[in-house]
Amino acid sequence: MSDSPRCDSLLSPGMVCLLVLLSGALQSAVPAHAQSGPGDSSTEYVAVVPERGEGIWALLRRNGIVPTPASVAEFKELNADRLRGRETLRSDISYRLPGGTRASIHPIFGPAYERVVHKSRVLEGHVYYLVSGHGGPDPGSIGTYRGKRVYEDEIAYDTMLRTARELIAHGATVEIIIQDDDGIRDEEHLEGDKDERHADGSAIALNPVKRLKARTELINTLYRKHRKTAKEQRVLAFHVDATGLRVEPQIDVHFVHATPGGYAVSRTLSNTMRAKYAAHQPGRGYRQRIERRNLYILQNTIPVAVLVELGNIRHQGDQIRLMKPGNRQALAEWLTDGILATAGVKV
């Protein structure tokens, strides 16, 4: 990933913009540990630009809305000023989607990012357990850059939060297993602390066996709660590697699994990362790497689990890459695209 700022694309057919039409407050009925429920919400409508030749039914279907007589009628009502009695859609203007897409409030992301606009519903019914490595009394691996310490748990936590926010925007249920009050931080140097706790409010143990067992048990408890209604449940654990070698190598984002299901998810995520690098940084290359390791959380969670290694905390190039907030955000978006692909959603 480059050190240059990430650029957004201009509006084009098929892309999404947002129109705020109505605001209202809805009180959350979700337990404290669940970060992706209704929350305090404002009702918004997503506006999309049709692809060339696309009709109403195809437009609704592509955006995760089942085309029924009711949804088509609502679409026509919302867009009466644009349709003017016609059934055909133009590819140079945007149309509001029915359903009143929400923007929900999630304080865990911090004041600047707590409001999450729901871009689509394509991940409704999909549950993701996101775990940032270490935390509490254990900062994980530590690097040093320009005389300041770079902490694994802080880099992993910020990237994990950004990924959670992207998943929620696509309708996913996200359980954030390790929680802090830092929120998403647009800073290069992330100060370390020791106040992270489990989602159920319990303290994080210093003993690594107890720590791993506690977060695994919490995931499995939540899995049982969701299993009757969930279409799919997955675990993503975020870490920043440290090889321990005298000469530290640079490490591209790679994936670790312990099961056939974990391998399948890892392969899709890795292929997505390779495609993203090829598209955004032609010629850079991506050292694709998928490992099998018998790690506790990968072997003992009921849902399929994958460990995401973001880089090498002790390599200066990786430090620079991961310290830049724009790069952490790009990583979160690329990982989300990979997760969408694992769920069968074309991106």
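Note that the working numbering has the sequence shown beginning at 14, numbered continuously upward. We put the CB at the ideal spot given by N, CA and C, even for glycine.
Item                                                                                                                                                                                    : Value
Could you say which of Lys207, Ala182, Ile333, Tyr290 lies nearest to Gln192 if we only look at CA atoms?                                                                               : Lys207
What does the alpha-carbon distance come out to for the pair Asp350 and Val278?                                                                                                         : 12 Å
Within the stretch 77–142, note down every full beta strand (DSSP E) run reaching 3 residues or more, in order along the chain.                                                         : 115–118, 128–130
Look at the alpha carbon of Glu179 and the alpha carbon of Arg198, and state the distance between them as a whole number of angstroms.                                                  : 15 Å
Quick one: grab the DSSP three-state call for Glu201.                                                                                                                                   : coil
Spatial neighbours of Glu304 within its chain, please: C-beta separation below 6 Å, excluding the five flanking residues on both sides.                                                 : Val269
Roughly how many angstroms separate the alpha carbons of Ile352 and Leu136, rounded to a whole number?                                                                                  : 10 Å
Locate the beta strand (DSSP E) running through Lys161, then write down its first and last residues.                                                                                    : 161–164
For the stretch 329–349 against the stretch 305–318, do three or more pairs of beta-carbon atoms, one drawn from each stretch, fall closer than 8 Å, so that the two count as touching? : no
Which class does Asn307 belong to by DSSP, given the choice of helix, strand or coil?                                                                                                   : coil
Which class does Ser154 belong to by DSSP, given the choice of helix, strand or coil?                                                                                                   : coil
Give the range of the beta strand (DSSP E) segment to which Asp350 is assigned.                                                                                                         : Careful: Asp350 lies outside any beta strand (DSSP E), inside the alpha helix (DSSP H) at 338–355.
Beta strand (DSSP E) containing Thr186: first to last residue?                                                                                                                          : 186–189
Should Ile121 be listed as close to the ligand ATP, given that the test is whether its C-beta is under 7 Å from any heavy atom?                                                         : Of ligands this structure carries none, so the ligand ATP is not represented either.
Within the same chain, show all residues whose beta-carbon is closer than 6 Å to that of Gly156, passing over the 5 residues directly before and after it, in chain order.              : Val163, Ile326, Arg327, Gln332
Per DSSP, which residues does Asp213 bridge with? Please list them.                                                                                                                     : Bridge partners of Asp213: none, in fact.
Would Leu344 be called buried (16 or more neighbouring beta carbons within 10 Å of its own) or exposed?                                                                                 : buried
At what residues does the alpha helix (DSSP H) containing Arg287 begin and finish?                                                                                                      : 273–293
Would you mind reading off the limits of the beta strand (DSSP E) that contains Glu322?                                                                                                 : 317–325
For the beta strand (DSSP E) that Ala71 lies in, which residues bound it at each end?                                                                                                   : Element bounds for Ala71: not the beta strand (DSSP E) but the alpha helix (DSSP H), 69–75.
I think Glu322 touches Asp254, with their Cβ atoms under 8 Å apart; what is that distance to the nearest whole Å?                                                                       : 5 Å
In angstroms, rounded to a whole number, what distance separates the CA positions of Tyr158 and Gly149?                                                                                 : 22 Å
Can you give me the start and stop residues for the beta strand (DSSP E) that Leu249 sits inside?                                                                                       : 245–254
For the alpha helix (DSSP H) containing Val222, list its first residue and its last residue.                                                                                            : 221–239
On the three-state DSSP scale, how would you describe Gly330?                                                                                                                           : helix
Against chain D, does Gln192 count as a neighbour if the rule is that its beta carbon must be under 8 Å from one of theirs?                                                             : Given the protein chain composition of this structure (a single chain), no chain D is represented.
Run through DSSP, which three-state label would Tyr170 get?                                                                                                                             : helix
With distances taken between CB atoms, is the gap from Gly146 to Asp166 smaller than 8 Å?                                                                                               : yes
Look at the Cβ atom of Thr176, then the Cβ atom of Leu143, and state whether they are nearer than 8 Å.                                                                                  : yes
Leu235 to Asn76, Cα distance in whole Å?                                                                                                                                                : 29 Å
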